[in-house]
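Enquirer: 4 is the number of the first residue of the sequence shown in this note's numbering; add one for each residue after it.
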Amino acid sequence: MQYFGFDRPSFGIKTFGFGANFDPLDLFKDGKQGVWYDPSDTSTLFQDAAGTVPVTKDGDPVGLMKDKSGNGNHATQSVSTARPIYKTDNILHWLKFDGADDYMNIALSKALSSSGELTIAVGIKSSATSAAMIIEQGASYGTPNAFYLADTINSYEYLGRGDRTGISADICSVNTGLRNTVIISEQAINSGVEASLSVNNLAPSLSSSTTFGGGGFGTHDIYIGSRSGNQLMYKGGIHSIVIVDSILSNDNKAALKNYLASKSGVTL
4 MQYFGFDRPS FGIKTFGFGA NFDPLDLFKD GKQGVWYDPS DTSTLFQDAA GTVPVTKDGD
64 PVGLMKDKSG NGNHATQSVS TARPIYKTDN ILHWLKFDGA DDYMNIALSK ALSSSGELTI
124 AVGIKSSATS AAMIIEQGAS YGTPNAFYLA DTINSYEYLG RGDRTGISAD ICSVNTGLRN
184 TVIISEQAIN SGVEASLSVN NLAPSLSSST TFGGGGFGTH DIYIGSRSGN QLMYKGGIHS
244 IVIVDSILSN DNKAALKNYL ASKSGVTL
């Protein structure tokens, strides 16, 4: 079953290399828009959406997850029963989504990427038993100037589009049933270059269509763990999310992948 997909280039900002000193915050220098969520930093987690009750222990609900990118794109959930749960085994840390009603919402104050360049990277351990949305901007696959990243059990799929509307005909997919994964998608919708999606160290899959439209990624809300808060609910853990309005150099991409792998318990 297919739902969405997108496009890729490979020029970048500063190279940081592969070592332990890699800091995702550096990707957001020079005013780069995006988000960075890190559940291992419990100072960014709160049990309520207002941010008054800190998360302190395994099993606490998460109503607010602060954005560490410096852009103020915090993720919230005001409904107590729909909040994911903070989990830790004292080594790894993640948000657990129940696949029924858990999700978080990001209301953007400005366009996610006016240039149309976007890199989306997540570290997950999925327990999904049906098609589910890991993260999506917009209310449906037809939303213009938006994207989605989905788990379809036997594959992972990415779709992003510019101002083109209509059917989902340009999905980028990696066929694997791996559950503990680091997933990176890249796209520059104004370049006409194919989208790329990679899972762990599997070879990237490229989409076959370049009819993505033009423009950038807009101010539509972003949903973590669902489509629009009520469809394709994700079941499983999310260890980290990084979205930046740039196409990364190969070294930066490798460093980000290794960083996410360390956060997610993935061996690359």
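We treat Cβ as the ideally placed atom computed from N, Cα and C, and that holds for glycine.
This one's a predicted model, so the numbers in the text were calculated from it and none came from an experiment.
On the CB-based measure, 16 or more other CB atoms within 10 Å of its CB, does SER267 come out buried or exposed?
Expert: As a first step, residue 267 is located in the sequence shown; it is residue number 264 there, counting from the start. Label assigned to SER267: buried.
Enquirer: Sorted by chain position, which residues of the same chain lie with C-beta nearer than 8 Å to THR55's C-beta, five sequence neighbours on each side aside?
Expert: Your numbering for residue 55 matches position 52 in the sequence shown. Counting only Cβ-Cβ distances below 8 Å, and skipping sequence neighbours, we find PHE49.
Enquirer: Going by C-alpha to C-alpha distance, which of TRP39, SER208, ALA103 sits closest to ILE123?
Expert: Walking along the sequence shown from the start, residue 123 turns up at place 120. Comparing Cα-Cα distances from ILE123 to each of TRP39, SER208, ALA103, the minimum goes to TRP39.
Enquirer: With LEU111 as the anchor, note down where its beta strand (DSSP E) starts and where it stops.
Expert: Here residue 111 corresponds to residue number 108 of the sequence shown, with the count starting at 1. Segment: none, LEU111 is in no beta strand (DSSP E) and carries neither H nor E.
Enquirer: Does the contact criterion of 3 or more C-beta pairs under 8 Å hold for the stretch 167-186 versus the stretch 255-271?
Expert: Flag = yes, the stretch 167-186 and the stretch 255-271 touch.
Enquirer: Short of 8 Å in beta carbon distance, which residues of its chain neighbour LYS90, apart from the five on each side in sequence? Order them along the chain.
Expert: Within the sequence shown, residue 90 is the residue found at index 87, counting from 1. Same-chain partners within the cutoff: ASP61, GLY62, HIS96, TRP97, LEU98, LYS99, GLY240.
Enquirer: Return the bridge partner residues of PHE25 from the DSSP annotation.
Expert: Locating residue 25 in the sequence shown gives position 22, counting from the first residue. Note: PHE25 sits in no beta bridge, so no partner.
Enquirer: GLY75: buried (16+ other C-beta within 10 angstroms of its C-beta) or exposed?
Expert: The residue labelled residue 75 in the question sits at position 72 within the sequence shown. Exposed, since its Cβ has fewer than 16 Cβ neighbours within 10 Å.
Enquirer: Can you find the residues in the same chain that come closer than 7 Å, C-beta to C-beta, to ASP256, ignoring five residues on each side of it along the sequence?
Expert: If you number the sequence shown from 1, residue 256 lands on position 253. Asp is not the amino acid found at residue 256; the sequence shown has Lys there. Only ILE187 meet the Cβ criterion.
Enquirer: Which of the three DSSP states, helix, strand or coil, is assigned to ASN76?
Expert: Within the sequence shown, residue 76 is the residue found at index 73, counting from 1. Residue state, collapsed to three classes: coil.
Enquirer: Quick one: what's ILE187 bridged to in DSSP?
Expert: The residue you call residue 187 lines up with position 184 of the sequence shown. For ILE187, which the question treats as bridged, DSSP gives the partners ALA124, SER201.
Enquirer: For a test of the three-state rule: what should DSSP assign to ASP44, helix, strand or coil?
Expert: Translated into positions along the sequence shown, residue 44 becomes position 41. Residue state, collapsed to three classes: coil.
Enquirer: What's the gap between the Cα of ASN233 and the Cα of THR168?
Expert: The sequence position of residue 233 within the sequence shown is 230, counting from 1. The sequence position of residue 168 within the sequence shown is 165, counting from 1. Between ASN233 and THR168, the C-alpha separation is close to 22 Å.
Enquirer: If we call anything under 8 Å between Cβ atoms a contact, is LEU200 one with SER176?
Expert: What you label residue 200 is simply residue 197 of the sequence shown in a count that begins at 1. What you label residue 176 is simply residue 173 of the sequence shown in a count that begins at 1. In contact: LEU200 and SER176 (Cβ atoms closer than 8 Å).
Enquirer: For the alpha helix (DSSP H) that LYS266 lies in, which residues bound it at each end?
Expert: Along the sequence shown, read from residue 1 onward, the residue named residue 266 stands at position 263. LYS266 -> alpha helix (DSSP H) spans 253-267.
Enquirer: Rounded to whole angstroms, how far is the Cβ of LYS238 from the Cβ of ASP101, which I believe are closer than 8 Å?
Expert: Counting from 1 along the sequence shown, the entry for residue 238 is found at position 235. Counting from 1 along the sequence shown, the entry for residue 101 is found at position 98. Sure, about 6 Å apart at Cβ, within 8 Å.
Enquirer: By a C-beta neighbour count over all protein chains shown, 10 Å radius and 16 as the cutoff for buried, is PHE126 buried or exposed?
Expert: The residue labelled residue 126 in the question sits at position 123 within the sequence shown. Sequence check: residue 126 is Gly here, not Phe. Classification of GLY126: buried, given that the 10 Å Cβ count is 16 or more.
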